[in-house]
Each structure stands twice: as structure tokens, then as C-alpha cells.
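Peer 1: Going by the working numbering, the first residue of the sequence shown is number 854, and it counts up by one from there.
Just so you know, even glycine gets a beta-carbon here, dropped at the ideal spot from N, CA and C.
Since we're looking at a predicted model, the values are computed, not measured.
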Amino acid sequence: MAALTPPRTEAEARAIQQALRPQVDTTGPGPQRPATVAGLDVAYAKDDRTLAAAVVLLDFATHEVLAESTATGVPAFDYIPGLFAFRELPALLTALSRLPATPDLLVVDGHGLAHPHRFGLACHLGVLTGLPVFGVGKTRLIGTATEPGPERGACSDLVDNGEVVGRVLRTRPAVKPVYVSVGHRIDLDTACAHTLALTPRYRLPETTRAADQACRRALAAG
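(1) Beta strand (DSSP E) containing T889: first to last residue?
(2) Go to R951, then tell me how far its alpha helix (DSSP H) extends in each direction, as first and last residue.
(3) Suppose you measure from the CA of A1050 to the CA of A920; what does that come to, to the nearest Å?
(4) Starting from G979, follow the alpha helix (DSSP H) in both directions and report where the run begins and ends.
(5) Quick check on the DSSP output: the beta strand (DSSP E) that includes H1037 runs from which residue to which?
(6) Leaving out the 5 sequence neighbours to the left and right, which residues in its chain are closer than 7 Å to A1007 when beta-carbon positions are compared?
(7) What whole-angstrom Cβ distance do D1040 and T889 have, given they're in contact under 8 Å?
(8) Where are the alpha helix (DSSP H) runs, 4 residues long or more, that stay fully inside the region 981-1058, in chain order?
(9) Whole angstroms are fine: how far does the CA of P953 sit from the CA of G996?
(10) Alpha helix (DSSP H) containing A967: first to last residue?
(11) Mark P1003 as exposed unless 16 or more other C-beta atoms lie within 10 angstroms of its C-beta, in which case mark it buried.
(12) Identify whether R921 lies in helix, strand or coil by the three-state DSSP scheme.
(13) Flag this pair as yes or no: are the beta carbons of F930 and A866 separated by less than 9 Å?
(14) Would you mind sorting A1063 into buried or exposed? The rule is 16 or more other CB atoms within 10 Å of its CB.
(15) Measuring alpha carbon to alpha carbon, tell me which of P1058, F987, C1068 ends up nearest R1025.
(16) Measuring alpha carbon to alpha carbon, tell me which residue in H970, L984, V909 is nearest R1069.
(17) For Y1032, count the other beta carbons within 10 Å of its own beta carbon; 16 or more makes it buried, fewer makes it exposed. Which is it?
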């Protein structure tokens, strides 16, 4: 796993993005039958000065929680649009390193290619760890898409400047869709198939739900 030295300036952060972006593998195909999958999420204190990152390891088939790890700290970078990943990556990498086993697949609460610089958190995390990663966002960050049909599994391409950067995917019938995008070492079709496998009951993947709960518990515990 590559080490991360937080940038000191906006210019330095953008230079890091530009240097790492060509390393992103968007063709995968990624693990077709992963044994384990990890969800990653970050929660912030009300004053935005403290954060807690969580990584929760699940059995891919049963969604049973196998292990979880957390890391608390302060945001590693200022809030600058397009550079948000730099705030969270150090804590997420620390939490990931504390897991007792390496996941076959990572799912982040956020975006990958569906990002203004085509290098969202899922891409950045994938390049640094070398692991297959994709993002499932609750809201659209960029791009346009037609509304998918009301049935579970309905989808439409998310397009930005003529490029398909993700997919709008309905995970529950007649419920607001999610936004799936490739991070690293996986293709979009596989990422969407895995998203549906991870959403048997709710709109958001079980990975995201478990990680959200874990980081909120860690934040509350101080």
C-alpha cells in the first residue's frame, strides 16, 4: 500500500491528482465473485474539526460483518472543491491498514470517475492501495442522465462532456437512484452488478450502511 503525504497547497494537490490519474485502471474487469468486500465512510464532528474514518469488512455473499476498524483525527486538507479526497485519505488508509485481512473489493461512499477531474476518492484510494474500488454516491456530483425506469436494476448512463463517467442505478423499486462510478481495477458493468448484490433491502449498499454506523460510533466515542 502506497504511503500518503498530505499536500501543503492547492497547487500541490492538483499536481498529485494529475500525476496519479493516468494510473487508474477503468477496464478491470475486477473480481467477479469476491469473497469479501469492505465499505469505507467518514463522519465529521459538528465543528468540522474532527473526523472518524471507518472500514468494515463484510462477507460478500451473506453481508455478515467480519471485522471493522476506525481511525479518528483531523481533516488532512482544507475543503476545496474537486480535492475533497485529500481531507479523508490519511484516516481511511490508517483504518484500512488496521483490518485483520485485505478485502477483495472496496466500496466507497462517494465517486470515482464521476468527478470534475476524473479522479474522485474511489480512484485515488484504488491507485494508492492497488485494490479494486468503486464508488456509490447518494447524489450526483457532475454530469447529466435520463431518469432510469422505476424498477430495481433500471439504469442510465451518467455523461459529462460527452464521456460516460458512471451510471444512475435504481436499487429499490420507485426509490431515488444511486450514482455508481469506477474507481480502479473494475469496470462499470461489474461495479453495477456488485451494487445490486449489495442492496437486497435498502437503497444504499450494506457496505455503506455498515461503515456509516461504524464511523458515527467512533466519532461519538471520541
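Peer 2: Short version:
(1) 889-897
(2) Per DSSP, R951 belongs to no alpha helix (DSSP H) and is neither H nor E.
(3) 20 Å
(4) 974-982
(5) 1031-1037
(6) P1001, R1023
(7) 20 Å between Cβ atoms; not a contact.
(8) 1041-1050
(9) 38 Å
(10) Neither: A967 is in no alpha helix (DSSP H) and is coded neither H nor E.
(11) exposed
(12) It should be noted that the sequence gives Glu, not Arg, for residue 921. Here E921 sits in strand by DSSP.
(13) yes
(14) buried
(15) P1058
(16) V909
(17) buried
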